[in-house]
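Going by the numbering used here, the letters in the sequence shown line up with residues -16 to 98, in that order. Everything on this sheet refers to the single structure shown next.
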Amino acid sequence: MPTPKLTAEIITAAIEGFESQKRRIDDQIAELRALLPGGPAESATTPEAPRRKRKKFSAAARKRMKEAQQRRWAKIRGESAPPAPVTPEPSKPKRKLSKAGKAAIVAASAKKVAL
-16 MPTPKLTAEI
-6 ITAAIEGFES
4 QKRRIDDQIA
14 ELRALLPGGP
24 AESATTPEAP
34 RRKRKKFSAA
44 ARKRMKEAQQ
54 RRWAKIRGES
64 APPAPVTPEP
74 SKPKRKLSKA
84 GKAAIVAASA
94 KKVAL
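The following block contains the structure:
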């Protein structure tokens, strides 16, 4: 069985047919959304782009950004002495687990598994 040749007219007619089907389906979706409690939440013809999650900054990074912004505004206002950056406090040394503490944890988890 020979395959039909796709001419420009056939392709154009197919596109128009599919677009009319799409409009009909979009109208039906909009009608159904209107029936939901709360009315139409959003239009089916204008979907929103998915939102990206906001990047979380550490407290130190936010502080640096704040100080940099303050310096920029001071420069714009023409203040002679912008606020000096604050030196960060030294961090506490990392805590270590003692051998007795580790043994207690191992014993507790072994007891938990035995139950």
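In this text, a Cβ means the ideal position worked out from N, Cα and C, and glycines have one as well.
| said: Within the continuous alpha helix (DSSP H) that includes Ala93, where are the two ends? | reply: To locate residue 93, count along the sequence shown from 1; it is residue 110. Segment 82 to 97, the alpha helix (DSSP H) holding Ala93.
| query | By DSSP, does Ser3 sit in helix, in strand, or in coil? | reply | What you label residue 3 is simply residue 20 of the sequence shown in a count that begins at 1. The answer is helix: DSSP assigns Ser3 an H, G or I state.
| field | Under the three-state DSSP convention, the category Leu18 falls into | value | Here residue 18 corresponds to residue number 35 of the sequence shown, with the count starting at 1. In this structure, Leu18 counts as helix in the three-state DSSP scheme.
| said: Do Pro71 and Ala43 count as a contact pair if the criterion is CB distance below 8 Å? | reply: By one-based count along the sequence shown, residue 43 stands at place 60. By one-based count along the sequence shown, residue 71 stands at place 88. Yes, these two residues count as a Cβ contact at 8 Å.
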